[in-house]
Structures are given as structure tokens and as C-alpha cells.
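Colleague:
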Amino acid sequence: MSKYAFGVDIGGTTVKIGLFDKDGCVLDKWEIPTVKDNEGAAILPDVAESLRAKMEEKGIQLSDIKGIGVGVPGAVDDEGTAVNGAVNLGWGVFNIPKVLNGYLDVPVKAANDANVAAFGEMWQGGGKGYDNMVAVTLGTGVGGGIIIGGKILSGATGAGGEIGHMHVEDAETESCGCKNKGCLEQYASATGIVRLAKRRLAKDDKASVLREGTISAKSVFDAVKAGDEVAVEIAEQFGEYLGKGLANVAAVVNPEIFVIGGGVSKAGDILISYVEPVFQKYAFTACRGAKFALATLGNDAGIYGAAGLILREDV
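For the sequence shown, the working numbering begins at 247 and goes up steadily by one.
1. Can you name the start and end residues of the alpha helix (DSSP H) that G233 belongs to?
2. Taking 8 angstroms as the threshold (C-beta atoms), are I314 and V254 in contact?
3. From this set, A360, N426, A436 and K344, which residue's C-alpha is nearest L290's C-alpha?
4. Under the rule that 16 or more other beta-carbon atoms within 10 Å means buried, what is V498, buried or exposed?
5. Three-state secondary structure (DSSP) at P291?
6. With a 10 Å radius around its C-beta and 16 neighbouring C-beta atoms as the bar for buried, classify D546 as buried or exposed.
7. Do G491 and L430 come within 8 angstroms of each other at the CB atom, strictly closer than that value?
8. Let me check understanding here. Comparing Cα to Cα, which of N378, G387 and L265 lies closest to Y250?
9. Beta-carbon separation of G387 and G404 under 8 angstroms?
10. Look at the Cβ atom of A436, then the Cβ atom of A463, and state whether they are nearer than 8 angstroms.
11. With P319 as the anchor, note down where its alpha helix (DSSP H) starts and where it stops.
12. Compute the Euclidean distance between the alpha carbons of E458 and V510, then round it to the nearest angstrom.
13. Which residues mark the beginning and the end of the alpha helix (DSSP H) in which W369 is found?
14. Under 8 angstroms, with one C-beta from each stretch per pair, do the segment 512-524 and the segment 466-476 reach the 3-pair mark?
15. Whole angstroms is fine: what's the gap from L488's alpha carbon to D310's?
16. Please determine, among G385, N334 and W369, the residue with the shortest C-alpha to C-alpha distance to G508.
17. By how many angstroms is the C-alpha of G389 removed from the C-alpha of G473?
18. Quick check on the burial criterion: 16 or more other C-beta atoms within 10 angstroms. Buried or exposed for G485?
19. By the 10 Å Cβ neighbour count, where 16 or more other Cβ atoms means buried, how is P501 classified, buried or exposed?
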């Protein structure tokens, strides 16, 4: 009987890897560099070599491995094909399980990294116990992952869950990274919060600690906690955008819970306190029961979710 699974989270700088037992407990975790030279040709061979080395170190046979789950940036279809390539890895379009199977003959499943991280939070993190969940990652951008009935909702081209690119503001004059204007991540990401802060400070000369030093999402929420009135206004504006956006998401997928992660979420429960009331105000009545929680797995969400693709029998 297979006893173990590997969870692999391939990022632009490092590949995070975890060895899990059949119950989903992490037994070991480590990183290897992501070598992007020659169109990323060495990435999967390097992963396979690292897995073999760990198996040898632990005395694990290939027959003991139930499978390998892989999270990669970019859209991935249900067959594990990077449908648009993974540009920041240098990859073109190819089937990830098929290639990795050429090095290790065990079952392989692959999915988009944000969706895999969401799956990890549902399986073993902040969303544990809920099969209908939306993960919201507030970092440099706004990422999302949607889990319905315990399964990742990836959509026709693997782009499901890209909630950061919902249109939420008609009056925006600056372009988002996606080239559109008025996307949610222009207001609810770390960089978006800084944008809101700079615009608010430019409106008048009202005293604020934010006028001193460099503005960041952290400094804004630290100022909120200290009672800074201008910072509170900025947090309210942030909450208005994100709360309305998530109300729209709820009307479409009706989650039991929203799990908020990413660097901005380090502000803690005070962040949720600005989002949840707005959500309750605008959400469709039948969707207002959705709970809010903070993510708990941090940077390990990807390896947990990747392993979960293998260990969860119903995926």
C-alpha cells in the first residue's frame, strides 16, 4: 500500500517540496532553486532528482509513493497541461504529468499554483472542514482560488478564480498589470492600498503618521491600530472595494467561507473587520452566511495543496 505523497510548489525563484504521509501530515520539507535557463528545461528533471534523493535518504521505495502533486504559475487545464505556458518559468505549452512521469513512474497531478494553495487551505488550513471555499490572496496583486464541493474550480482554460481582475471601478485612470483599468487588485492588494493611501494624503493636509516615512500596507494597518483617522479612512475604502468584490463572488459560487491570506493578511482580524460588514451589506441574502477567516498555512499552502491533489480520494 502506498504510504507517501510529494507536494511540489514551483515558483519563479525556488521550488518548495514536501513529503507527506497518507494522512496528510508533512514529514519533511525543503527547497531547491528554480533554474530557468534554456526555457526552464531543467526544472522538472531537477525536481525528479531531488525527490529521488529524498527517497534514498528516507529509505522509501517508488512503490511506497502514491503520487506527486504539482502547483505551477499560469493556467493549467484538467489534464495538467500548462495551456498558455508558464511564462515566468520560461515554459511553453506542455503536459506536466507526462513530462514528470518520464523521470518517475508514479501518478502525477498538476494545477495552477494559486488554486493549489487554496486547496491546501481548504484541506489542512484556515478553511479546514469546509468544502465550498474561496481563498483570497492579498499580496502584490490579488489572487484567488475557488473550491466547490471539495474540488478546484479551474474553468475552461484554467483561469478560474482570477478575482483580482474583476472590474470594480469605472473612474480609474491608471492601468492594471493586465492592461485593463479599475481591477480589484488596484485597490485591495498591497500596492493598491499604497495607491489609496497616496491619493488620500494628496487630498488635504490632515495630520497623519502616514506622512512620515515610506507608506506600505503594513504601515497603513499599523496606523489604523493606533487610531490614525486618515489611515482609518483608507482602510474603509479598501474594505469597501474588497467587500463589494467578494459579495459579487458569493453571488456566483456561494461559498461557506472566505479564507484571506497573503502578506496584507498579516494585519490580522482588523483587516476582516473592514471587509466583512461591507460584504454583509451588499451580498445576496442567501449568501450572507459565508464566514471569514485568516489563512494559516502561509508559504506552505502550495505544498499542502499539491499533496492533497494526490491524497484526497475525491479530487
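In this text, a Cβ means the ideal position worked out from N, Cα and C, and glycines have one as well.
All of these numbers come straight from a predicted model, not from anything done at the bench.
Modeller: In short, the structure shows the following:
1. Not covered by the structure: residue 233. The range shown for the chain is 247 to 561.
2. Position 8 of the sequence shown, counting from 1, holds the residue named residue 254. Position 68 of the sequence shown, counting from 1, holds the residue named residue 314. For V254 and I314, yes; Cβs fall inside 8 angstroms.
3. Working through the sequence shown from its first residue, we reach residue 290 at position 44. The candidate whose alpha carbon is nearest that of L290 is K344.
4. Residue numbering aside, residue 498 sits at position 252 when the sequence shown is read from its first letter. Exposed.
5. Within the sequence shown, residue 291 is the residue found at index 45, counting from 1. It is helical.
6. Taking the sequence shown and counting its residues from 1, one reaches residue 546 at position 300. Buried, by the Cβ-count rule.
7. Start at 1 with the first residue of the sequence shown, and residue 430 comes out as number 184. Start at 1 with the first residue of the sequence shown, and residue 491 comes out as number 245. Yes, they are a contact pair.
8. As a first step, residue 250 is located in the sequence shown; it is residue number 4 there, counting from the start. That would be L265, whose Cα lies nearest to the Cα of Y250.
9. On the sequence shown, residue 387 is found 141 positions in, with the first residue counted as 1. On the sequence shown, residue 404 is found 158 positions in, with the first residue counted as 1. The answer is no: Cβ separation not under 8 angstroms.
10. Translated into positions along the sequence shown, residue 436 becomes position 190. Translated into positions along the sequence shown, residue 463 becomes position 217. Cβ distance < 8 angstroms, so A436 and A463 count as in contact.
11. Locating residue 319 in the sequence shown gives position 73, counting from the first residue. P319 -> no alpha helix (DSSP H), and no H or E assigned at all.
12. On the sequence shown, position 212 is the one that residue 458 refers to. On the sequence shown, position 264 is the one that residue 510 refers to. Approximately 20 angstroms, taken between the alpha carbons.
13. Locating residue 369 in the sequence shown gives position 123, counting from the first residue. Segment D359 to Q370, the alpha helix (DSSP H) holding W369.
14. yes
15. Position 242 of the sequence shown, counting from 1, holds the residue named residue 488. Position 64 of the sequence shown, counting from 1, holds the residue named residue 310. Computed Cα separation, rounded: 45 angstroms.
16. The residue labelled residue 508 in the question sits at position 262 within the sequence shown. The candidate whose alpha carbon is nearest that of G508 is G385.
17. Counting from one through the sequence shown, the residue named residue 473 turns up at place 227. Counting from one through the sequence shown, the residue named residue 389 turns up at place 143. Each residue's alpha carbon lies about 29 angstroms from the other.
18. Against the sequence shown, residue 485 aligns to sequence position 239. So G485 counts as buried.
19. Numbered from 1 along the sequence shown, position 255 holds the residue referred to as residue 501. It counts as buried.
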